[in-house]
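**Q**
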Amino acid sequence: MRTILLIIILCSFQSFTAFAEINISDYKNYEITKTKFELEKISADLNSPWGMTFIDDENFLITEKTGKLFKLNINTGSKTEIIHELNIHTENRQGGLLDVHFYNDYIYFSYSHDHGDDYSSTAIARGKIEGQKIIDTEILLIAEPKLSFGVHYGSRIIIQNNFLFASMGDRWKFMIAQDGSEHPGSIIRMNLDGSPPKDNPKFINQPSWLPEIYQIGVRNPQGMTVSPFNDDIYISNHGPKGGDFIGVINKGGNYGWPIIGWGGKNYDNSPIGDGKPFKDEYDKPLISWVPSIAPSNIQFYKGGMFKDWNGDLLVTSLKYHMLIKLEIENNKVLKEEIILRGCKMHKKPCHDIGRLRDIEIDKNGNIYIISDEDESFLFKMTIKN
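Under this note's numbering, the first residue of the sequence shown carries the number 1402, and numbering increases by one thereafter.
Given below as structure tokens:
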């Protein structure tokens, strides 16, 4: 009996220790940065911008959820509309023209594809920019099944080693995220022409999964970045009422939604599953937030402008109008710090920034951010001398 009891105690301790390493965090405990910086408005008159990408040293492409695409000069603030032919479903809460990514002369897009009769899907396309229009448009993927609820599209895009990765939200269908035979609630990986790589999980150990699916069990990942330091791919994921997280994607992995909620609850305060925030059989995040901060895009800082930040992860927050910096070492969060916070949600010191949606860093280390507002700005952040 004593032996059995000792085994139970040791197993419980080991399980607690493993989960204790996961940082369930509250932003209200974070320090405000002591780094002095300047925040400049580069351009106004943006309407719910969602994604941006450099196409050269002076120009961004910026998407709006309205379906419009603009080229914006960071030196003059001038913008030019770029015409495209994507069939976008915009009559919903969270869809529209979403992410944009420039790579090897191609512009890659994510958007909510319009099927008609209020049905839509997360979709990936690419084309080339010629003058003031997108030409040679190719549809690479339209997620299946088509669904009628206009939320949780995911939609962030990155390219690593000539593979395209994109996030697919669960479209408010919850258990679909555990079904690898359907796209919602997953991370996908494709060749740049949209074909599935032959070493994706379907062709190795997950025969029931769709050929594009790389990982399952996510809720609504709206941030994704490649670390320039270890080549891992990191995502930000919206939990329900609490449980937002930052994690590393894993081939064939499963983050567990909706069996677990990473510390969060349902919106009616009922527990998710059996109430356990994490389980051994599912991938573990680096950090989880309770309460939710609604993280959008993320970027690792690399540059000469803010030299002390090199290697740190910058996280945009929609809900609390913040830019957060995470000091990470060996995939463990060592320190959290608030860089920016909006005056609508916080006391001074604060800035009039709104819901932060996307972030980019240029080759000199200047930081650019956009906010998801009807009347929005492109901001540029530089060190204060």
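Built from N, CA and C at the ideal position, the CB exists for glycine as well. Just so you know, these numbers come straight off a predicted model, no measurement behind them.
Alpha carbons only, please: which of N1765, V1691, E1776 and N1601 is nearest the one belonging to K1466?
**A** Residue numbering aside, residue 1466 sits at position 65 when the sequence shown is read from its first letter. When only C-alpha atoms are compared, the closest one is E1776.
**Q** Do you know offhand how far K1435's Cα is from L1542's?
**A** Against the sequence shown, residue 1435 aligns to sequence position 34. Against the sequence shown, residue 1542 aligns to sequence position 141. Taking the straight line joining both Cα atoms gives about 45 angstroms.
**Q** Measuring alpha carbon to alpha carbon, tell me which of I1725, V1691 and K1469 ends up nearest F1701.
**A** The count along the sequence shown starts at 1 and reaches residue 1701 at position 300. Taking only the C-alpha atoms, the option nearest F1701 is I1725.
**Q** Cβ atoms of K1472 and I1484: under 8 angstroms apart, would you say?
**A** Indexing the sequence shown from 1 puts residue 1484 at position 83. Indexing the sequence shown from 1 puts residue 1472 at position 71. No, these two residues do not count as a Cβ contact at 8 angstroms.
**Q** Look at I1588 and Y1615 and say whether their C-beta atoms are less than 8 angstroms apart.
**A** As a position in the sequence shown, residue 1588 is number 187, starting the count at 1. As a position in the sequence shown, residue 1615 is number 214, starting the count at 1. It is a contact, given that the beta carbons lie within the stated cut-off.
**Q** How big is the Cα-Cα spacing for F1782 and N1460?
**A** If you number the sequence shown from 1, residue 1782 lands on position 381. If you number the sequence shown from 1, residue 1460 lands on position 59. The amino acid at residue 1782 is misidentified as Phe; the sequence shows Met. Their backbone Cα atoms lie some 16 angstroms apart in a straight line.
**Q** Look up P1696 in the DSSP assignment and say whether it is helix, strand or coil.
**A** In the sequence shown, residue 1696 corresponds to position 295, counting from 1. The answer is strand: DSSP assigns P1696 an E or B state.
**Q** Going by the beta-carbon positions, is the gap between G1551 and G1586 smaller than 8 angstroms?
**A** Within the sequence shown, residue 1551 is the residue found at index 150, counting from 1. Within the sequence shown, residue 1586 is the residue found at index 185, counting from 1. No.
**Q** Check the DSSP bridge columns for I1784 and list the partner residues they point to.
**A** For the purposes of this step, residue 1784 is taken as the residue at position 383 of the sequence shown. According to DSSP, which records beta bridges pairwise, I1784 is partnered with F1438.
**Q** Does P1546 get closer than 8 angstroms to chain B when you measure Cβ to Cβ?
**A** Among the chains in the structure shown there is no chain B, since it carries only a single protein chain.
**Q** My output table needs one value for S1413: the three-state DSSP class, helix, strand or coil.
**A** Here the question's residue 1413 lines up with position 12 in the sequence shown. With a pLDDT of 40 at S1413, under the threshold of 50, the predicted position of this residue should be treated as unreliable, though the coordinate-derived value follows. Note: S1413 maps to helix in three-state DSSP.
**Q** Report the rounded CA-to-CA distance for I1423 versus D1675, giving the unit in angstroms.
**A** The count along the sequence shown starts at 1 and reaches residue 1423 at position 22. The count along the sequence shown starts at 1 and reaches residue 1675 at position 274. Between I1423 and D1675, the C-alpha separation is close to 19 angstroms.
**Q** For G1664, which residues in the same chain have their Cβ closer than 6 angstroms to its Cβ, ignoring the five residues on either side in sequence?
**A** Stepping through the sequence shown from its first residue, residue 1664 is reached at position 263. Once the five neighbours on either side are set aside, the close Cβ partners of G1664 are I1425, G1643, G1644, P1678, S1689 and V1691.
**Q** Counting Cβ pairs closer than 8 angstroms, one from the region 1440 to 1454 and one from the region 1709 to 1718, do we hit at least three?
**A** Judged by Cβ distances under 8 angstroms, the region 1440 to 1454 makes no contact with the region 1709 to 1718, as fewer than three pairs qualify.
**Q** Is it true that the CB of I1559 sits closer than 8 angstroms to the CB of T1626?
**A** As a working note, residue 1626 is residue 225 in the sequence shown. As a working note, residue 1559 is residue 158 in the sequence shown. Going by C-beta atoms, T1626 is nearer than 8 angstroms to I1559.
**Q** Quick one: give me the first and last residue of the beta strand (DSSP E) that H1490 is part of.
**A** Here residue 1490 refers to the residue found at position 89 of the sequence shown. Note, H1490: premise wrong, no beta strand (DSSP E); not H, not E.
**Q** Measure the C-alpha to C-alpha separation of C1751 and C1744 and round it to an integer number of angstroms.
**A** Sequence index remark: in the sequence shown, residue 1751 carries index 350 (1-based). Sequence index remark: in the sequence shown, residue 1744 carries index 343 (1-based). Each residue's Cα considered, the two are about 5 angstroms apart.
**Q** At the level of alpha carbons, what is the spacing between I1760 and K1529?
**A** Working through the sequence shown from its first residue, we reach residue 1760 at position 359. Working through the sequence shown from its first residue, we reach residue 1529 at position 128. Each residue's alpha carbon lies about 23 angstroms from the other.
**Q** Answer yes or no: do Y1509 and R1527 have a C-beta to C-beta separation smaller than 8 angstroms?
**A** Within the sequence shown, residue 1509 is the residue found at index 108, counting from 1. Within the sequence shown, residue 1527 is the residue found at index 126, counting from 1. Contact: yes.
**Q** What residue range is occupied by the uninterrupted beta strand (DSSP E) comprising F1503?
**A** Stepping through the sequence shown from its first residue, residue 1503 is reached at position 102. Per DSSP, F1503 belongs to the beta strand (DSSP E) from L1498 to Y1504.
**Q** In its own chain, which residues sit with a C-beta less than 7 angstroms from the C-beta of I1577, not counting the 5 before and 5 after it?
**A** Position 176 of the sequence shown, counted from the start, is the residue given in the question as residue 1577. Contacts found: D1571, E1583, P1585 and G1586.
**Q** Suppose contacts are defined by Cβ-Cβ distances below 8 angstroms. Is W1451 in contact with D1773 by that definition?
**A** The sequence position of residue 1451 within the sequence shown is 50, counting from 1. The sequence position of residue 1773 within the sequence shown is 372, counting from 1. It is a contact, given that the beta carbons lie within the stated cut-off.
**Q** Return the chain-ordered list of same chain residues with a C-beta closer than 8 angstroms to the C-beta of N1538, the five sequence neighbours on each side being excluded.
**A** Within the sequence shown, numbered from 1, the residue matching residue 1538 stands at position 137. The sequence given here has Thr at residue 1538, not Asn. Here the set comprises H1485, E1486, L1487, A1526, R1527 and G1528.
**Q** Enumerate in chain order the residues of its own chain whose CB-to-CB distance from E1737 is below 7 angstroms, with the five nearest sequence positions on each side excluded.
**A** Within the sequence shown, the letter at position 336 stands for residue 1737. Around E1737: S1426, Y1431, I1725 and L1727.
**Q** Go through its chain and collect everything with a Cβ distance to L1498's Cβ below 6 angstroms, but skip five positions before and after it.
**A** Start at 1 with the first residue of the sequence shown, and residue 1498 comes out as number 97. So the list reads T1464, G1468, I1489 and Y1512, once near-sequence residues are dropped.
**Q** Short of 7 angstroms in beta carbon distance, which residues of its chain neighbour N1476, apart from the five on each side in sequence? Order them along the chain.
**A** Position 75 of the sequence shown, counting from 1, holds the residue named residue 1476. E1459.
**Q** Is G1787 buried or exposed, if buried means 16 or more other CB atoms sit within 10 Å of its CB?
**A** Here the chain has residues from 1402 to 1786 only, and residue 1787 is not among them.
**Q** Return the residue from the list V1619, P1602, I1540 and N1631 that minimises the CA-CA distance to N1732.
**A** Here residue 1732 refers to the residue found at position 331 of the sequence shown. The option with the nearest alpha carbon to N1732 is N1631.
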